[in-house]
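Colleague: Per the UniProt record's numbering, the sequence shown starts with residue 1, numbered consecutively. Before anything else, here's the structure in question.
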Amino acid sequence: MAQFMDVVSLTKGIRSMFYIVTPNESSFENVEDVPPYVQQATPFFMGLMVVELVVSLLKDGTPLACVSDVVTSVSAGIISRMPTLFARGFEITTYIYVWDNLRLLELPWDSAWTWWLAFLVVDFSYYWVHRFAHELNFLWAAHQVHHSSEYYNLSTALRQSLTQQFSSWVFYLPMALAVPPSVFAVHIQFNLLYQFWIHTEVIRDLGPLEWILNTPSHHRVHHGRNEYCIDKNYGGALIIWDRLFGTFAPEGNKVVYGLVHKINTFEIFHIQFHYYKYLWRRFNRYKKIFNKFGVLWKGPSWKPGKPRLGDHAEVPEVLPQGERKRESDSERGCVRRVELWRDRECEEGVEDSVLAFLVYLHSQKGHI
């Protein structure tokens, strides 16, 4: 019986990674009863990363990442979860406050209709969280962390910002006027888990599902720094919002990944916070208040006299993927680090990673 329950638990864990769950098995009356699905998924993250590595080696004979890049991404993921180790996540805390004090309607927590409504509204809200994180420079300062890798693999999904959660909560608050916190807590986690597996080059095309779901192909475009990829495909689990609001682009020319202006480092705290320093310098550079306002509230590429999101024609030309791998300083550095493991920057990154992991283990409490 115990072995059977272990199999059931394993199966449910795998299904949760793909949002293949039912309302009956994921509805709870109290938010305290909602499992920490993201925390419980850690073994599946690691397992799927190993599977991806094996498949990529069998298909192409080469791995989809280098050691330093994977270490940096995993470390960023650990750092981003640290606030939830000591208390509830900021999003759920603010949500509960609005629910307790301002709700207008109380939808039943055990209704399948409530469950499916929450599925749609969480994903719709995430679309706008994500879109504004790209279109408002002060929000991009946090989200750029996720786009800083020049690789695209499952470890890239873990490369998250420590600070983004402190702004994203605003977009979900309207739900708190009617949807119980326990229902929200379930879907905010499943929506995040779904987005893990779409960070891969191993899966090429999913046929008719490409019309409805956010897929690896669609999300590869989102991570590209090719001109046609900029500001496209913001969806979480569904791609329908991008199709509705004009931000969809299909995968075309070979996607080259990373930031438009590369940072060439694996040092995790620099990746987390360097853009805030850059933003402050830009803010102080301008004398006119409207230009200062523009630095914060317009797109990362905006300049005075340019469109709100900047001129995409000014996006630097990208090299073809194979040529990029020969030319890129950061990737040459990556190869050097794999071979020698003596580069000082890499050592600092590993030291930071070990510290982050030790804090994670010491502080683990299982909060949502």
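Quick reminder that beta carbons are idealized off the backbone N, C-alpha and C, glycines included.
1) For Ser161, which residues in the same chain have their Cβ closer than 7 Å to its Cβ, ignoring the five residues on either side in sequence?
2) Using only the alpha-carbon positions, how far apart do Trp115 and Arg285 sit?
3) With distances taken between CB atoms, is the gap from Ala178 to Leu107 smaller than 7 Å?
4) Is the distance from the Cβ of Ala237 to the Cβ of Phe196 below 7 Å?
5) Comparing alpha-carbon positions, which option in Phe90, Lys232, Ile230, Val202 lies nearest Pro63?
6) Note down, in chain order, each residue of its chain lying with its Cβ closer than 7 Å to the Cβ of Val260, except the 5 sequence neighbours on either side.
7) Out of curiosity, what's the CA-to-CA distance linking Ala185 and Leu319?
8) When you compare only the Cα positions, how much space is there between Leu340 and Phe44?
9) Use the C-beta contact count for Gly258: other C-beta atoms within 10 angstroms, 16 or more gives buried, fewer gives exposed.
10) Find out if the Cβ-Cβ distance for the pair Ser73, Ser155 is shorter than 7 Å.
11) Please list, in chain order, all residues of the same chain as Leu105 whose beta carbon is under 8 Å from its beta carbon, the five residues on each side excluded.
12) Between Asn253 and His187, what straight-line distance do the alpha-carbon atoms span, to the nearest angstrom?
13) Judging by CA-CA distance, which residue of Gly305, Tyr37, Glu29 is the nearest neighbour of Met17?
14) Going by alpha carbons, who is nearest to Glu135 out of Asn233, Ile198, Leu102?
15) Excluding five sequence neighbours on each side, which residues of the same chain lie with their C-beta closer than 8 Å to the C-beta of Leu213?
16) Could you tell me if Lys277 is buried or exposed, where buried requires 16 or more neighbouring beta carbons within 10 angstroms of its beta carbon?
17) Based on DSSP bridge pairs, tell me the residues matched to Gly310.
18) Pick out whichever of Pro180, Phe269, Trp241 has its Cα sitting closest to the Cα of Asn101.
19) List the residues that DSSP assigns as beta-bridge partners of Tyr257.
20) Sort out for me which residues DSSP pairs Leu64 with in a bridge.
21) For residue 422 and Asn191, I'd like the C-alpha separation in whole angstroms.
Modeller: From the atom records:
1) Here residue 161 is taken as the residue at index 161 of the sequence shown, counted from 1. Only Ser80, Ala142, His143, Val145, His146, Gln272 meet the Cβ criterion.
2) In the sequence shown, residue 115 corresponds to position 115, counting from 1. In the sequence shown, residue 285 corresponds to position 285, counting from 1. Cα to Cα, the separation comes out at about 49 Å.
3) Residue mapping note: residue 178 aligns to position 178 of the sequence shown, counting from 1. Residue mapping note: residue 107 aligns to position 107 of the sequence shown, counting from 1. Taking 7 Å as the cut-off, the Cβ atoms of Ala178 and Leu107 count as close.
4) Taking the first residue of the sequence shown as 1, we reach residue 237 at position 237. Taking the first residue of the sequence shown as 1, we reach residue 196 at position 196. Not closer than 7 Å, so no.
5) On the sequence shown, position 63 is the one that residue 63 refers to. Comparing Cα-Cα distances from Pro63 to each of Phe90, Lys232, Ile230, Val202, the minimum goes to Val202.
6) The count along the sequence shown starts at 1 and reaches residue 260 at position 260. The residues are Arg225, Val315, Pro316.
7) On the sequence shown, position 185 is the one that residue 185 refers to. On the sequence shown, position 319 is the one that residue 319 refers to. Answer to the nearest angstrom: the Cα atoms are 42 Å apart.
8) Position 340 of the sequence shown, counted from the first residue, corresponds to residue 340. Position 44 of the sequence shown, counted from the first residue, corresponds to residue 44. Residue placement at Leu340 is poorly supported in this model, since its pLDDT is 33, which falls under 50; the coordinates still yield a value, given next. One C-alpha to the other measures close to 30 Å.
9) Sequence index remark: in the sequence shown, residue 258 carries index 258 (1-based). Per the 10 Å Cβ criterion, buried.
10) As a first step, residue 73 must be located in the sequence shown, where it is residue number 73. As a first step, residue 155 must be located in the sequence shown, where it is residue number 155. The Cβ atoms of Ser73 and Ser155 sit closer than 7 Å to each other.
11) Within the sequence shown, the letter at position 105 stands for residue 105. Cβ neighbours of Leu105 beyond the five flanking positions: Leu177, Ala178.
12) The sequence position of residue 253 within the sequence shown is 253, counting from 1. The sequence position of residue 187 within the sequence shown is 187, counting from 1. Put simply, the backbone Cα of Asn253 is about 34 Å away from that of His187.
13) Stepping through the sequence shown from its first residue, residue 17 is reached at position 17. Of the candidates Gly305, Tyr37, Glu29, the one whose C-alpha sits nearest the C-alpha of Met17 is Tyr37.
14) If you number the sequence shown from 1, residue 135 lands on position 135. Comparing Cα-Cα distances from Glu135 to each of Asn233, Ile198, Leu102, the minimum goes to Asn233.
15) Looking up residue 213 in the sequence shown gives position 213. Same-chain partners within the cutoff: Leu206, Ala237, Leu238, Ile239.
16) Mapped onto the sequence shown, residue 277 falls at position 277. So Lys277 ends up on the exposed side.
17) Here residue 310 is taken as the residue at index 310 of the sequence shown, counted from 1. BP columns for Gly310 are empty, so no partner.
18) Taking the first residue of the sequence shown as 1, we reach residue 101 at position 101. Taking only the C-alpha atoms, the option nearest Asn101 is Pro180.
19) What you label residue 257 is simply residue 257 of the sequence shown in a count that begins at 1. For Tyr257, DSSP records a beta bridge to Gly224.
20) Walking along the sequence shown from the start, residue 64 turns up at place 64. Partner(s): none; Leu64 has no beta bridge.
21) Nothing about residue 422 can be reported from this structure: the residues present for the chain run from 1 to 368 only.
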